[in-house]
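**Q** Let me begin by handing over the structure; questions about it come next.
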Amino acid sequence: MAGYVVVGTQWGDEGKGKIIDVLSEKADYVVRFQGGNNAGHTVVVDGEKFVLQLLPSGVLQAGTCVIGPGVVVDPKVFLDEIDRIEKRGAKTDHVIISDRAHVIMPYHIEMDKIRESVEDRIKIGTTKKGIGPCYADKISRDGIRMADLLDIKQFEEKLRYNLKEKNEIFTKIYGLEPLDFDKIFEEYKGYAEKIKHRIVDTIPIVNKALNENKLVLFEGAQAMMLDINYGTYPYVTSSSPTLGGV
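Following the working numbering, the residues of the sequence shown are numbered contiguously, the last one being 1522.
Below is the structure:
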């Protein structure tokens, strides 16, 4: 069975979350395929309102929810969101994260804030949550992936290298204080312990579901006019919220 994808045709806020919530009741898998916590969906179930940022809108209905390799994940936001909906009685043991998904780091958020405040630079109007800088590191092949959190030595090496480079930019170009390696390392080591059981290779899981004619619903954030390739550039997001992103 072919997968299904819900795509907004404007700039977002078309009500995709409501559509996905309805469709996900019949879905075996709901796969979030791009974006980060810079966008969200609001769904209402049994009169209760749930605001979701990273978690797929199908989390309240579907069998398995996948945060795919095209998503950039802030672990703190993810854990906060899991905790928030679990306190309201929702189950989350069916939520898994691709080991290829990239991790938003504190220096991504800091860089996002800087770029939006620099004079003479086009103001994109980002949410300052580190999405764009994280995707930039991904494309430049300097990113830290979820799989790296499972190998703490490798994570330490990559973090040390990345932070050294980023601190050069913060201190020498922008005159800011450097970010502290030990603080970030310990913080993210803690996140890794809490989410490691959810980090898996999701590609064979989704492919197997499609081969077995399971109903797989792909969920994106934002919409077509914010597509990095086809949207109103430069006022776009940093990924492809269309079929191309799937």
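Cβ coordinates follow ideal geometry from the N, Cα and C atoms, glycine included.
#1: By the 10 Å Cβ neighbour count, where 16 or more other Cβ atoms means buried, how is P1517 classified, buried or exposed?
#2: Using C-beta distances below 7 Å, list every residue in its chain close to Y1450, excluding the 5 sequence neighbours before and after it, in chain order.
#3: Would you kindly report the start and end of the unbroken beta strand (DSSP E) that includes R1308?
#4: Measure the CB-CB distance between I1426 and F1461 and report whether it falls below 8 Å.
#5: Between which two residues does the beta strand (DSSP E) holding T1478 run?
#6: For R1421, name the three-state secondary structure that DSSP assigns.
#7: Can you say whether L1452 is buried or exposed, counting buried as having 16 or more other CB atoms within 10 angstroms of its CB?
#8: Using CA coordinates, which residue listed in N1313, Y1305, V1298 is at the minimum distance from Q1498?
#9: Could you give the DSSP three-state label for S1514: helix, strand or coil?
#10: Over what stretch of residues does the alpha helix (DSSP H) that includes F1354 continue unbroken?
#11: Under the rule that 16 or more other beta-carbon atoms within 10 Å means buried, what is L1519, buried or exposed?
#12: Could you please give me the residues that DSSP links to T1340 through a beta bridge?
#13: Report buried or exposed for P1409, applying the criterion of at least 16 other Cβ atoms within 10 angstroms of its Cβ.
#14: Rounded to the nearest angstrom, what separates S1393 and T1508 at their Cα positions?
#15: Alpha helix (DSSP H) containing V1298: first to last residue?
#16: Quick one: using the 10 Å Cβ neighbour count with 16 as the cut-off for buried, is Q1286 buried or exposed?
#17: What span of residues does the beta strand (DSSP E) with F1494 cover, start to end?
#18: Ignore the nearest five residues each way along the sequence and tell me which others in D1503's own chain have a CB closer than 7 Å to its CB.
#19: Where do the N-terminal and C-terminal ends of the alpha helix (DSSP H) with S1393 fall, by residue?
#20: What's the gap between the Cα of G1406 and the Cα of N1487?
#21: Can you tell which of Q1430, F1309, E1444, S1514 has the C-alpha that lies nearest to the C-alpha of K1377?
#22: Note the first and the last residue of the continuous alpha helix (DSSP H) segment covering I1407.
#23: In the DSSP assignment, the alpha helix (DSSP H) including I1428 goes from what residue to what residue?
#24: Check whether the segment 1287 to 1296 and the segment 1469 to 1488 are in contact - that is, three or more C-beta pairs closer than 8 Å.
#25: Where do the N-terminal and C-terminal ends of the beta strand (DSSP E) with I1504 fall, by residue?
#26: Cβ of Y1305 within 8 Å of Cβ of V1522?
**A** Once the coordinates are examined:
#1: The sequence position of residue 1517 within the sequence shown is 241, counting from 1. Counting other Cβ atoms within 10 Å of its Cβ, P1517 reaches 16 or more and is therefore classed as buried.
#2: Mapped onto the sequence shown, residue 1450 falls at position 174. I1390, listed in sequence order.
#3: Stepping through the sequence shown from its first residue, residue 1308 is reached at position 32. Going by DSSP, R1308 is part of the beta strand (DSSP E) stretching over 1305 to 1308.
#4: As a first step, residue 1426 must be located in the sequence shown, where it is residue number 150. As a first step, residue 1461 must be located in the sequence shown, where it is residue number 185. Per the sequence presented here, residue 1426 reads as Leu, with Ile not at that position. Result no, Cβ atoms of L1426 and F1461 do not sit closer than 8 Å.
#5: Position 202 of the sequence shown holds residue 1478. For T1478, there is no enclosing beta strand (DSSP E); the residue is part of the alpha helix (DSSP H) that begins and ends at 1478 to 1487.
#6: Sequence index remark: in the sequence shown, residue 1421 carries index 145 (1-based). The answer is strand: DSSP assigns R1421 an E or B state.
#7: Working through the sequence shown from its first residue, we reach residue 1452 at position 176. In this structure L1452 is exposed. Its beta-carbon is surrounded by fewer than 16 other beta-carbon atoms within 10 angstroms.
#8: As a position in the sequence shown, residue 1498 is number 222, starting the count at 1. Looking at the Cα atoms, N1313 is the closest of the given residues.
#9: Here residue 1514 refers to the residue found at position 238 when the sequence shown is read from its first residue. Note: S1514 maps to coil in three-state DSSP.
#10: Locating residue 1354 in the sequence shown gives position 78, counting from the first residue. Counting along the chain, the unbroken alpha helix (DSSP H) around F1354 starts and ends at 1351 to 1362.
#11: Reading the sequence shown from its first residue, position 243 is the one you call residue 1519. Counting Cβ neighbours within 10 Å, L1519 comes out exposed, since fewer than 16 surround it.
#12: In the sequence shown, the residue the question calls residue 1340 occupies position 64. Paired residues: Y1305.
#13: Here residue 1409 refers to the residue found at position 133 when the sequence shown is read from its first residue. Buried.
#14: Counting from 1 along the sequence shown, the entry for residue 1393 is found at position 117. Counting from 1 along the sequence shown, the entry for residue 1508 is found at position 232. So the alpha carbons of these two residues sit roughly 21 Å apart.
#15: Locating residue 1298 in the sequence shown gives position 22, counting from the first residue. Counting along the chain, the unbroken alpha helix (DSSP H) around V1298 starts and ends at 1292 to 1300.
#16: In the sequence shown, the residue the question calls residue 1286 occupies position 10. Exposure of Q1286 is indicated by the presence of fewer than 16 other C-beta atoms within 10 angstroms of its C-beta.
#17: Taking the sequence shown and counting its residues from 1, one reaches residue 1494 at position 218. It spans 1492 to 1495 - the beta strand (DSSP E) in which F1494 sits, taken as one unbroken run.
#18: Working through the sequence shown from its first residue, we reach residue 1503 at position 227. Within the same chain, V1512, S1516, P1517, T1518 come within 7 Å of D1503 by CB-CB distance, once the 5 residues on both sides are set aside.
#19: The residue labelled residue 1393 in the question sits at position 117 within the sequence shown. Per DSSP, S1393 belongs to the alpha helix (DSSP H) from 1382 to 1393.
#20: Translated into positions along the sequence shown, residue 1406 becomes position 130. Translated into positions along the sequence shown, residue 1487 becomes position 211. Separation of G1406 and N1487 (C-alpha to C-alpha, rounded to the nearest whole angstrom) is 36 Å.
#21: Position 101 of the sequence shown, counted from the start, is the residue given in the question as residue 1377. At residue 1377 the sequence reads Ala, which differs from the Lys that was named. For A1377, the closest alpha carbon among the candidates Q1430, F1309, E1444, S1514 is that of F1309.
#22: Position 131 of the sequence shown holds residue 1407. For I1407, the enclosing alpha helix (DSSP H) has its first and last residue at 1407 to 1415.
#23: Position 152 of the sequence shown, counted from the start, is the residue given in the question as residue 1428. 1428 to 1444 is the extent of the alpha helix (DSSP H) around I1428.
#24: With the rule of 3 Cβ pairs closer than 8 Å, the segment 1287 to 1296 does not count as touching the segment 1469 to 1488.
#25: As a position in the sequence shown, residue 1504 is number 228, starting the count at 1. Annotation for I1504: no beta strand (DSSP E) segment contains it, and DSSP assigns it neither H nor E.
#26: Here residue 1305 refers to the residue found at position 29 when the sequence shown is read from its first residue. Here residue 1522 refers to the residue found at position 246 when the sequence shown is read from its first residue. Taking C-beta atoms as the reference points, Y1305 and V1522 fail to come closer than 8 Å.
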